[in-house]
Amino acid sequence: MDLNRKKFTLEWAGRELSFETSILAEQAASSVLAKWGDTVVLVTVVMGDKDRSIDYFPLTVDYEEKFYAAGKIIGSRFVRREMRASEEAILSGRLIDRSLRPLFDHRIRRDVQIIVTILAIDEESDPDVLALNAASLALATSQIPWGGPVGGVRVARIGDTIIVNPTNTQLKNVDLRFETFVAGPLNKIGMIELSGQEATEGDVLEGFKEATREIDAMIQFQSRIIKEIGKKKVDVARKDPSEELVKKVKNFIASRLEGVIYTKNKMDREAAFSELKEALHVHIKEDIEIKDGEMAEVILDKEIDELLHKKVLEESKRPDGRALDEIRPLHAETGLFKRTHGSALFVRGNTQALAVTTIAPPGAEQLIETMEVTGKRRFMLHYNFPPYSVGEVGALRGPGRREIGHGALAEKALRPLIPSSDVFPYTVRVVSEILSSNGSSSMASVCAGTLSLMDAGVPIKRPAAGIAMGIVVGSKGEYKVLTDIQGPEDHHGDMDFKVAGTKEGVTAIQMDVKVDGLNVEMLSHALEDAKKARLRILDVMTETLPAPRAHISPFAPTIFALDIDPLKIGEVIGPGGRVINQIIKDTGVTSIDIEQTGKVFVSASDKGAAEKAVGIIRVIVREFNIGEIVEGTISKILEFGAILDLGGGKDGMIHISEASKEYVKDINKVFKIGDTVRAKIIRLEPNGRIGLSVKAID
1 MDLNRKKFTL
11 EWAGRELSFE
21 TSILAEQAAS
31 SVLAKWGDTV
41 VLVTVVMGDK
51 DRSIDYFPLT
61 VDYEEKFYAA
71 GKIIGSRFVR
81 REMRASEEAI
91 LSGRLIDRSL
101 RPLFDHRIRR
111 DVQIIVTILA
121 IDEESDPDVL
131 ALNAASLALA
141 TSQIPWGGPV
151 GGVRVARIGD
161 TIIVNPTNTQ
171 LKNVDLRFET
181 FVAGPLNKIG
191 MIELSGQEAT
201 EGDVLEGFKE
211 ATREIDAMIQ
221 FQSRIIKEIG
231 KKKVDVARKD
241 PSEELVKKVK
251 NFIASRLEGV
261 IYTKNKMDRE
271 AAFSELKEAL
281 HVHIKEDIEI
291 KDGEMAEVIL
301 DKEIDELLHK
311 KVLEESKRPD
321 GRALDEIRPL
331 HAETGLFKRT
341 HGSALFVRGN
351 TQALAVTTIA
361 PPGAEQLIET
371 MEVTGKRRFM
381 LHYNFPPYSV
391 GEVGALRGPG
401 RREIGHGALA
411 EKALRPLIPS
421 SDVFPYTVRV
431 VSEILSSNGS
441 SSMASVCAGT
451 LSLMDAGVPI
461 KRPAAGIAMG
471 IVVGSKGEYK
481 VLTDIQGPED
491 HHGDMDFKVA
501 GTKEGVTAIQ
511 MDVKVDGLNV
521 EMLSHALEDA
531 KKARLRILDV
541 MTETLPAPRA
551 HISPFAPTIF
561 ALDIDPLKIG
571 EVIGPGGRVI
581 NQIIKDTGVT
591 SIDIEQTGKV
601 FVSASDKGAA
611 EKAVGIIRVI
621 VREFNIGEIV
631 EGTISKILEF
641 GAILDLGGGK
651 DGMIHISEAS
661 KEYVKDINKV
671 FKIGDTVRAK
681 IIRLEPNGRI
691 GLSVKAID
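Residue numbering for the sequence shown follows full-length UniProt numbering, starting at 1 and increasing by one per position.
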């Protein structure tokens, strides 16, 4: 059977990348089988055949991890199959969505679904990079209307060297300064995801410049393929209001709109805006000739967009009256709750983040089992966005994609600052509760999270803060950067550029745009202003709490760490866990966690209990030497000697001939059960038996 295969190849970052089209998944609008190294991804795109009666463009991106791709059978013991998407898969799907969405005409009302299926991974070639480029090609070669293609690339700086599309092994290098995923159309950047080890803004910009060169090369490669096999785009209806309705709406809001939008307080602005919308709908309904009145809010939204752009570009005027580089009023406090281990409140304007830190034994680490990663996570940051934070009523169904994405960004910003387990042997969890939101709650979570960690006594490397930057771009390419964007500027502006870091450098960046993309000059301007704002916020935070507290909360567990010979782990655990469970029972400690490296963590609410358990473990793993003096309790009397209990499950034999310097005929006349006796080790047998002598002691 002829599968009608067409294969296109490119040497990319030292490995062959190929895009293949065929009759596979032939009922989809388009499909691309992409290979890079031994990583293989299938991307399909489909568009619905009917318009929906909704007021938004319905795009869905699903990223499907398949465990077989990594040669794994994982999941619940009772359900050995893929179920709900992992957080990592959700973040990968968001990455692709954010790169592709700006290039769609948002007046389209037909469903578009992109499904990325990971068929194989080689543990070195990043499937996200491959998936985004394949998705771009699948859309661009299909009949679905779209303004692409786009290219995506991962760039890392290791030491003083910038590496394009680094392998996973390279990303583990201790000299990694930052790694970033950058995507966009030709000559522009439309999406950024970056994690850094306090990278400088200059280094980051060099990475962006290198990324644009690679993106352009990828787009040129895709363009050649599109020219050869691309399908003609279908003419899909766009949901446009009638000229009559546009005129009627504009006339009604002409004298009202600026007064409503340019209101300093968010709640007052939203109340006035609701009244305006209600009055507009009543006004439209009075005209029985107008048939598409439901489009009135679309026109209203567009008019707000144009008004905001005009006012910012021509007058540098923002809705709440701030200067372009002005931060809203700041407030911070710590130690809010007695029983929690650490807590902090951070307020910026109408945005409020309450962060609570919990520290726990190593056994509380999160177990991670995905297609790409199997391991543990000892630092977690979870973000909650309840409906009351924006004055709405809504169901509480657990974290959605947005909450997972915002939490992951804040966690990424703080992770480089968390001390190693050798310095601070705790599992750390931060939860950010958004009490009120009016722009950049994820960056407020970075600030509140930092303060709550310090309040908990976690010796973080340095405090970190975050700020959201915006931009307004004119029709001729003119632009103005906005610091600390809030609701209207986020919704109607052209960029959401979140930057987090310390006084030393950047730890995380995330950027999305509503235009087709930005140039490096714009990003440089935004980074410069973001640094100034970040330093001002850090000043407020350090005034509140200058450094991590010297001691952890009395309600937090005490943890002692010790190293033992990995070969002796079995002796500490004992058959069926009997030894370790007996230690826990006898001492009252909370837990004893042992790693394969021989690292042992003893956790207890009482310091004395932990010290007692550590003492027992030290005895169990103790190495005895011939000539060493030991002390123990007589536990058994035999006809030919006595057994001396040395503790920790160890004992030794005192033969009757070694019981005294005098001749001993009856051992019972020398020792009684329970006696405390000192003896010298005179023999260590291969089977572990210890020979002791009392008479050998000088």
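Ideal Cβ placement from N, Cα and C applies to all residues, glycine included. Predicted model, so just to flag it, every value in this text is computed and none were measured.
Do G196 and V506 have their C-beta atoms within less than 8 Å of each other? It is a contact, given that the beta carbons lie within the stated cut-off.
Report the rounded CA-to-CA distance for F337 versus G394, giving the unit in angstroms. For F337 and G394, the gap between their C-alpha atoms comes out near 28 Å.
Would you call S657 buried or exposed, if buried means 16 or more other Cβ atoms sit within 10 Å of its Cβ? Under this definition S657 is an exposed residue.
Answer yes or no: do L95 and F181 have a C-beta to C-beta separation smaller than 8 Å? Going by C-beta atoms, L95 is nearer than 8 Å to F181.
Is K684 near V614, with beta carbons less than 8 Å apart? Checking the sequence shown, residue 684 turns out to be Leu, not Lys. In this structure, V614 does not lie closer than 8 Å to L684 by Cβ.
Could you give the residue range of the beta strand (DSSP E) that holds N384? Where N384 is concerned, the enclosing beta strand (DSSP E) stretches over 379 to 384.
With a CB to CB cut of under 8 Å and the five nearest residues on each side skipped, what residues in its chain are close to T633? Scanning its chain for C-beta atoms nearer than 8 Å, with the 5 sequence neighbours on each side dropped, one finds around T633 the residues L644, D645, G674, D675, T676, V677, in chain order.
Beta-bridge partners of G466, as assigned by DSSP: G466 is bridged to A500.
Give every residue of the same chain whose Cβ lies closer than 8 Å to the Cβ of R110, excluding the five residues on either side of it in the sequence, and list them in chain order. Closer than 8 Å at Cβ, skipping near neighbours: M47, G48, D49, K50, D51, R52, P58, V236.
Could you please give me the residues that DSSP links to L692 through a beta bridge? In the DSSP assignment, the residues bridged to L692 are I654, I681.
Just how far apart, CA to CA, sit E206 and V520? About 9 Å.
Which same chain residues, not among the five before or five after E123, have their C-beta less than 8 Å away from its C-beta? Closer than 8 Å at the Cβ level, and outside the excluded window around E123, lie A70, N168, E372.
Can you tell me where the beta strand (DSSP E) holding A211 begins and where it ends? Where A211 is concerned, there is no enclosing beta strand (DSSP E), although the alpha helix (DSSP H) it sits in stretches over 201 to 229.
What is the C-beta distance between G470 and E489, in whole angstroms, given that I count them as a contact (C-beta under 8 Å)? So it is a contact: roughly 5 Å between Cβ atoms.
Tell me the rounded alpha-carbon separation between A89 and D484. Their backbone Cα atoms lie some 30 Å apart in a straight line.
Within the chosen definition, does the stretch 240 to 255 reach the stretch 298 to 308 through at least 3 CB pairs nearer than 8 Å? A contact exists between the stretch 240 to 255 and the stretch 298 to 308.
Please classify L100 as buried or exposed, where buried requires at least 16 neighbouring CB atoms within 10 angstroms. Its Cβ being crowded by 16 or more others within 10 Å, L100 is buried.
Please state whether the Cβ-Cβ distance between A138 and V61 is less than 8 Å. Taking 8 Å as the Cβ cut-off, A138 and V61 do not qualify as a contacting pair.
For the 8 Å Cβ check, are there 3 or more pairs between the stretch 342 to 359 and the stretch 551 to 567? Between the stretch 342 to 359 and the stretch 551 to 567, the count of Cβ pairs shorter than 8 Å is three or higher; the stretches touch.
Consult DSSP for T587 and reduce its assignment to one of helix, strand or coil. Residue state, collapsed to three classes: helix.
Can you tell me where the alpha helix (DSSP H) with R109 in it begins and where it stops? Note, R109: premise wrong, no alpha helix (DSSP H); not H, not E.
With V540 as the anchor, note down where its alpha helix (DSSP H) starts and where it stops. Element bounds for V540: 520 to 544.
Please confirm whether L451 and A344 have their CB atoms less than 8 Å apart. Yes, they are a contact pair.
Please determine, among E315, I654, S420, G439, the residue with the shortest C-alpha to C-alpha distance to R378. For R378, the closest C-alpha among the options E315, I654, S420, G439 is that of S420.
Please classify H341: is it buried, with 16 or more other beta-carbons within 10 angstroms of its beta-carbon, or exposed? Classification of H341: buried, given that the 10 Å Cβ count is 16 or more.
Is the stretch 538 to 545 close to the stretch 205 to 225, with three or more CB pairs under 8 Å? Because the criterion of three Cβ pairs below 8 Å is not met, the stretch 538 to 545 and the stretch 205 to 225 do not touch.
Going by other Cβ atoms of all chains shown within 10 Å of its Cβ, with 16 needed for buried, is Q486 buried or exposed? By the neighbour-count rule (16 or more Cβ atoms within 10 Å), Q486 is buried.
What would DSSP say about F67, mapped onto helix, strand or coil? Secondary structure of F67 (DSSP, three-state): helix.
Run through the DSSP bridge pairs and tell me what S436 is partnered with. Looking at the DSSP assignment, S436 forms a beta bridge with Q352.
Could you tell me the distance, in whole angstroms, from the CA atom of M653 to the CA atom of K636? In a straight line, the C-alpha of M653 is about 10 Å away from that of K636.
Would you check whether the ligand ATP has a heavy atom nearer than 7 Å to the C-beta of A456? Among the components of this structure there are no ligands whatsoever, and the ligand ATP is therefore not found.
Keeping to the same chain, check which residues put their C-beta closer than 7 Å to that of D105; ignore five residues upstream and five downstream. So the qualifying residues of the chain are P145, R238.
Mapping DSSP to helix, strand and coil, what is M191? Here DSSP, grouped into helix, strand and coil, assigns M191 to strand.
Going by the beta-carbon positions, is the gap between I626 and I682 smaller than 8 Å? For I626 and I682, yes; Cβs fall inside 8 Å.
Can you list, in chain order, the residues of its chain whose CB lies under 7 Å from that of G37, leaving out five sequence neighbours each side? Taken in chain order, the residues that qualify are R15, D122, E124, S125.
By a C-beta neighbour count over all protein chains shown, 10 Å radius and 16 as the cutoff for buried, is Y68 buried or exposed? It counts as exposed.
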